Amino acid sequence: MIISPSVLALDYSRLPEQVSELNASGAQWLHFDVMDGHFVPNLTFGPDILKAFCKLSNLYMDVHLMVSDPVFFADIFIDAGADMITFHYEAAGAEKAVQLAEHIHARGKQAGISIKPATDPEVLKDLLPYFDMVLVMSVEPGFGGQAFMPASLDKIRTLRQWINEAGLSMHIQVDGGINAETAKLVREAGADVLVAGSYVFKRNIGEAVRSLEG
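Reminder that position 23 of the sequence shown reads as 75 in the working numbering, one-by-one numbering, no gaps.
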């Protein structure tokens, strides 16, 4: 189980201290929610923030683009230090999603595709071989601290079944409302990468990470 704490919820007045705690926590990834104020109604990080984290941590940099133009932003965040670029099917459509995944791979990075809660996972079935990870949003993207949507569990089960049937080796990541209780549910459904923000940063970071690992 991979834990990817979301720096959206980090206390930036305690940045070096909290990153030091993260580095020692057992978390393997760091999750960056990049929002453009257009695809979602919030504005978050530019590439310089990612560059700063790369100086403070050797964790895998997991960048989630919640933006209207993922083609434009992908290279910007790869250049800033991203290891994985995940973007939304809703912002790209099928043809552009495949092209962007191939471009990300050509840059030597991994590619992920995400869907919002209202999107049928069927749109991803034929796209799975082009990606390293699927991100199931279990809240509406745009703001932290929302409650987990149980309907996402069926999506995870369906995606895991398709992945297994196709003999693919890829992650299913879940983001939104993840805590010790919901982590158990999504693990059982087939997820293997968990994003958590408020749950990790509003308590002892190491204990929170361990509680999510199961």
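Even glycine gets a Cβ: it sits at the ideal position worked out from N, Cα and C. In this text the structure is predicted, and so the values were computed from the model without any measurement.
Next on the checklist: Please classify A76 as buried or exposed, where buried requires at least 16 neighbouring CB atoms within 10 angstroms.
Outcome noted: exposed
Checklist entry - Do F139 and A146 have their C-beta atoms closer together than 9 Å? => result no
Checklist entry - Any idea if P93 is buried or exposed, counting beta-carbon neighbours within 10 angstroms, 16 or more meaning buried? => result exposed
Next on the checklist: Check this for me: beta carbons of I137 and I167, under 9 Å apart or not?
Outcome noted: no
Item to check | Cβ distance (whole Å) where L82 is taken to contact L60 below 8 Å | outcome: Going by Cβ atoms, the distance from L82 to L60 rounds to 11 Å, so no, they are not a contact pair.
Item to check | Neighbour-count burial assignment, G249, 16 or more Cβ in a 10 Å radius | outcome: buried
Checklist entry - Roughly how many angstroms separate the alpha carbons of D206 and I215, rounded to a whole number? => result 14 Å
Checklist entry - Taking the C-alpha atoms as reference points, what is the distance between A143 and G228? => result 19 Å
Next on the checklist: Our contact map puts S263 next to A232 with C-beta atoms below 8 Å; I'd like the distance itself, whole angstroms only.
Outcome noted: 4 Å
Checklist entry - Which whole-angstrom value is the C-beta distance of V71 and V115, which I expect to be below 8 Å? => result Not confirmed; about 16 Å, so no contact.
Next on the checklist: With a threshold of 8 Å on Cβ separation, who are the neighbours of T171 within its own chain once the five nearest residues in sequence on each side are excluded?
Outcome noted: Y141 and E142
Next on the checklist: Please give the ranges of any alpha helix (DSSP H) in the stretch 148 to 211, keeping only runs that are unbroken, at least 4 residues long and fully inside the region.
Outcome noted: none
Checklist entry - Under 9 Å, do H84 and A158 count as touching if we go by C-beta distance? => result The amino acid occupying residue 84 in the given sequence is Phe; His does not appear at that position. No, these two residues do not count as a Cβ contact at 9 Å.
Checklist entry - Terminal residues of the continuous alpha helix (DSSP H) containing A248? => result Where A248 is concerned, there is no enclosing alpha helix (DSSP H), although the beta strand (DSSP E) it sits in stretches over V245 to A248.
Next on the checklist: Just to confirm before moving on: does the CB-CB distance between F200 and V186 stay below 9 Å?
Outcome noted: no
Item to check | Three-state secondary structure assigned by DSSP to S56 | outcome: strand
Checklist entry - When you compare each of Y64, L176, E174 and Y182 to K161 by their alpha carbons, which one comes out closest? => result Y182
Checklist entry - What whole-angstrom Cβ distance do V245 and I224 have, given they're in contact under 8 Å? => result 7 Å
Checklist entry - By Cβ distance, which residues of its chain are closer than 7 Å to M189, with the 5 residues on each side in sequence left out? => result S166, I167, K168, P169, D227 and G228
Item to check | Cutoff 6 Å; reference V261; Cβ partners in own chain excluding five residues on either side | outcome: I55, S77, G78 and A79
Checklist entry - What residues in its chain sit with their C-beta under 6 Å from that of G194, if we drop five residues either side in the sequence? => result V92, P93 and N94
Next on the checklist: Does V86 come out as helix, strand or coil in the three-state DSSP assignment?
Outcome noted: strand
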